[in-house]
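Notes follow once the structure below has been shown.
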Amino acid sequence: MREILPYQGPFSFVSSRLETDIKSVLPHYDKKNPRTWPYVTLATIEERRPYYGYPDLPAGVAYQRSVLLRYHALYSAEDRKQSASLNGSFHERYPCNYDQYDQLKDWVGMSKAEYQRYMENAAEDINDITEDAYYDGLRLPLRQPCCANSRCIETRREAAKLRKELSHKESQLMNSQQSLKEFEAIEERRHNVSSHVQAELERQRQRAGAAEREYEICRANNINLLWRVRELERQAAQKDELEAYCSQLEEEVDVLKGKQRRDVVESDPDEDLMEGYISSAKKTRSSSVDWS
8 MREILPYQGP FSFVSSRLET DIKSVLPHYD KKNPRTWPYV TLATIEERRP YYGYPDLPAG
68 VAYQRSVLLR YHALYSAEDR KQSASLNGSF HERYPCNYDQ YDQLKDWVGM SKAEYQRYME
128 NAAEDINDIT EDAYYDGLRL PLRQPCCANS RCIETRREAA KLRKELSHKE SQLMNSQQSL
188 KEFEAIEERR HNVSSHVQAE LERQRQRAGA AEREYEICRA NNINLLWRVR ELERQAAQKD
248 ELEAYCSQLE EEVDVLKGKQ RRDVVESDPD EDLMEGYISS AKKTRSSSVD WS
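Residues in the sequence shown are numbered from 8 upward in steps of one, following our numbering.
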């Protein structure tokens, strides 16, 4: 077979939705032809949510081996055998991953012989279904005799029972598909809400970071202003001390000036000269009296 093309679009567990999504990317996709099937990885499946083996994987694609290992880890061999009896063999649903004995392959893909054998079996199944549908569509005349053999009667009863079970299974499948659609819609909404919440959380985180940075800037500015205020207060205190000291000096200067004035008044040089002159005159007069 040719190289399997990878599919990295949205994955859905609803077969019809997955088929539509694959065809939008790979227009040549044919669910009945493994040659056109894409390769789906575990990362593609877990893009929305983790996968641990449930729900069942849709057919019509080639899965990464680790995807099937998740399925094997969840279900026992007996559970897988029961699933194959109800839903068809794993080789029929996942021929790129299981061989004709329903054993998981070590590689992903199909050999030319496997592909031819698979397509031949699929064609035979289609012919059988077509013939059965045509036969079931016939209606025998009411008066036409039918086989009264007990084995034929039992076969017809068993066929009717199987048709009823098949109808019931189809109804269950449709309900399951609808439930899966609703579940995926809920998951998608939850994913969108989660994305919005994450985006809003990131915005709030950015706002908080900006507010914290602004707070740090304001805090630094306040510290600088506080130091400036303290410096101004210190300078003002020094100014007051200097003014008080200057006032004290002025008072001391005034006191010294007043004391100097008093000293000058108490020792006037003119008065001293006058006193000396008077004393000299007295001495002269006394001398004249002595000579007489």
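The beta carbon of each residue, even a glycine, is placed where N, CA and C say it ideally should be. Just so you know, these numbers come straight off a predicted model, no measurement behind them.
Assign residue i to one of two classes, buried (16 or more other C-beta atoms within 10 Å of its C-beta) or exposed (fewer than that).
i	result
LEU249	exposed
TYR78	buried
PRO57	exposed
PHE20	buried
LEU208	exposed
ILE224	exposed
TYR59	exposed
PRO102	buried
SER23	exposed
ALA84	exposed
LEU233	exposed
TYR36	buried
GLU221	exposed
ILE133	Any answer about ILE133 is weak, because its pLDDT of 46 lies below 50 and its placement is not dependable; what the coordinates show is given next. Per the 10 Å Cβ criterion, exposed.
TYR70	buried
PHE97	buried
ILE349	Any property of residue 349 remains undetermined from this structure, which presents the chain solely from 8 to 299.
MET117	buried
GLU177	exposed
ASP143	The predicted position of ASP143 is uncertain, since its pLDDT is 38 and thus under 50; no value can be drawn from it.
GLU165	exposed
GLU191	buried
ILE193	exposed
ILE11	buried
ARG210	exposed
Let me check understanding here. Comparing Cα to Cα, which of the options lies closest to residue i?
i	options	result
THR27	ASN94, ARG42, ILE52 and GLY67	GLY67
PRO62	SER186, ILE193 and LEU33	SER186
ASN104	GLY95, VAL115 and ASN94	VAL115
ALA120	PRO41, ARG268, LEU180 and ASP113	PRO41
SER73	GLU240, GLU258, ASP113 and THR43	ASP113
LYS39	GLN123, ARG268 and GLU194	GLN123
MET126	THR43, VAL200 and ARG170	THR43
GLU172	LEU93, GLU195 and ARG226	LEU93
ALA129	GLY95, LYS266 and GLU257	GLY95
Measure the beta-carbon distance from residue i to residue j and round it to whole angstroms, keeping in mind my assumption that it falls under 8 Å.
i	j	result
LEU111	LEU81	Contact flag wrong, Cβ pair sits at about 14 Å.
PRO5	TYR46	The requested residue 5 is not part of the displayed model; the chain covers only 8 to 299.
ASP109	ALA91	6 Å
PRO65	LEU33	Not really, about 15 Å apart at Cβ, beyond 8 Å.
ARG55	HIS198	6 Å
Indicate whether at least one CB of chain D lies closer than 8 Å to the CB of residue i.
i	result
ALA192	Checking the listed chains, one finds no chain D in this structure; it contains a single protein chain.
Check your understanding: Is it true that the segment 36 to 54 meets the segment 87 to 101, where meeting means three or more beta-carbon pairs spaced less than 8 Å apart?
Key -> At 8 Å Cβ cutoff, the stretches do not touch.
**Study point:** Ordered list of alpha helix (DSSP H) runs contained in the segment 9 to 35, each at least 4 residues
**Key:** Taken in chain order, the complete alpha helix (DSSP H) segments of 4 or more residues contained in the segment 9 to 35 are 22 to 32.
**Study point:** In chain order, each alpha helix (DSSP H) run of at least 4 residues that lies wholly inside the segment 48 to 75
**Key:** Fully enclosed alpha helix (DSSP H) runs of 4 or longer: 49 to 52.
Review point. Could you give the uninterrupted runs of the beta strand (DSSP E) lying entirely in the segment 200 to 234, keeping only those of 3 residues or more?
Key: Complete beta strand (DSSP E) runs here, min 3: none at all.
Check your understanding: Can you list, in chain order, the stretches of the alpha helix (DSSP H) that have 4 or more residues and sit fully within the segment 70 to 105?
Key -> Runs found: 72 to 81, 84 to 94 and 97 to 100.
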